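Engineer: First residue of the sequence shown? That's 1 in my numbering, and the numbers climb one at a time after it. Quick one: the structure is below, questions incoming.
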Amino acid sequence: MGINFSFGSYKNYKTTLSYLKEFVPAFCAKKDIPLLGVNYKFCEAYYTFLTIEKPCTSNGASKHIQRLKKIINYAIRAGYIKSNPTVTFSLQFKAVEKQVLTWEEIIKIKDFPISKKVTDQVRDVFVFQCFTGLDYSDAKRLRPADIQLGQEGGYG
C-alpha cells in the first residue's frame with residue numbers, strides 16, 4: 001500500500017471504519033461523532049458491540065479499539081485535538097494457545113489431490129510456508145531471484 005501501511009493493515013483499518021460506521025448511529029443516534037466524544041464509555045460500548053454483534057473475539061475487538069486509539073493519537077499529532085479521550089480505556093489481550101500441524105498432517109495436505117488450479121497453488125504456497133517458515137507477507141514478496149542454490153547444488 002505504501003511506506004506506512006501494508007495492504008493487510010489497510011484492510012484491517014477499512015474493517016474498523018466499517019464497524020464504526022455501523023456502531024456510531026446506534027451509540028449516539030447520529031451519523032457521526034466528534035473525536036472528543038470517543039471516550040471510555042464509547043470504547044466500552046464499542047467493545048461490547050464488536051464481541052456481541054460482530055464476529056470478534058476479545059482480542060479481535062481489542063485490535064479494532066487499538067486502531068481507533070492510533071487514529072486519535074494521529075489526530076493529536078496533527079493538532080486536531082489536544083488530548084486523547086480514550087487514554088483511560090485499557091486493552092485486554094488474552095494469550096491464545098496456538099495449534100500446530102504435525103508433520104503427518106502437512107504431508108496429507110501436500111499430497112491431497114486438488115482439481116482447481118488456483119486452490120492447488122494456494123495449497124502449494126501454504127506447504128512451502130510450512131517447510132520454510134516464511135510468513136504470508138514474506139512468501140508473497142518472494143521472487144525467483146531470491147532463491148539461490150545451496151552449497152551442495154540443491155535448494156534444500
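Yeah, the Cβ is synthetic: ideal placement off N, Cα and C, and Gly gets one too. No experiment lies behind these values; they were computed from the predicted model shown.
Exposed or buried, what is residue 34 when buried is set at 16 or more other beta-carbons lying within 10 Å of its beta-carbon?
Structural biologist: With fewer than 16 Cβ atoms within 10 Å of its Cβ, residue 34 is classed as exposed.
Engineer: On a CA-only basis, which of 68, 112, 62 and 88 is nearest residue 40? Give me that one, please.
Structural biologist: Among 68, 112, 62 and 88, the Cα nearest to that of residue 40 belongs to 88.
Engineer: Quick one: give me the first and last residue of the alpha helix (DSSP H) that residue 132 is part of.
Structural biologist: Unbroken alpha helix (DSSP H) run through residue 132: 117–132.
Engineer: Counting C-beta neighbours from all protein chains within 10 Å, is the total for residue 138 16 or more, i.e. buried, or is it exposed?
Structural biologist: So residue 138 ends up on the exposed side.
Engineer: Got a sec? Which residues, its chain only, sit under 6 Å from residue 69 by beta carbon, not counting five neighbours each side?
Structural biologist: Within the same chain, residue 69 has close Cβ partners 86.
Engineer: Of the residues 97, 98 and 126, which one's Cα is nearest the Cα of residue 111?
Structural biologist: Among 97, 98 and 126, the Cα nearest to that of residue 111 is on 126.
Engineer: Let me see if you follow: with CB-CB separation under 7 Å, is residue 43 close to chain C or not?
Structural biologist: This model lacks chain C altogether, as it is built from one protein chain only.
Engineer: So does the segment 94–108 actually touch the segment 76–83, counting three or more Cβ pairs closer than 8 Å?
Structural biologist: Contact between the segment 94–108 and the segment 76–83 is absent, because fewer than three Cβ pairs lie under 8 Å.
Engineer: Rounded to the nearest angstrom, what separates residue 6 and residue 14 at their Cα positions?
Structural biologist: Roughly 12 Å between the two C-alpha positions.
Engineer: If you reduce the DSSP assignment to three classes, tell me which class residue 18 lands in.
Structural biologist: Here residue 18 sits in helix by DSSP.
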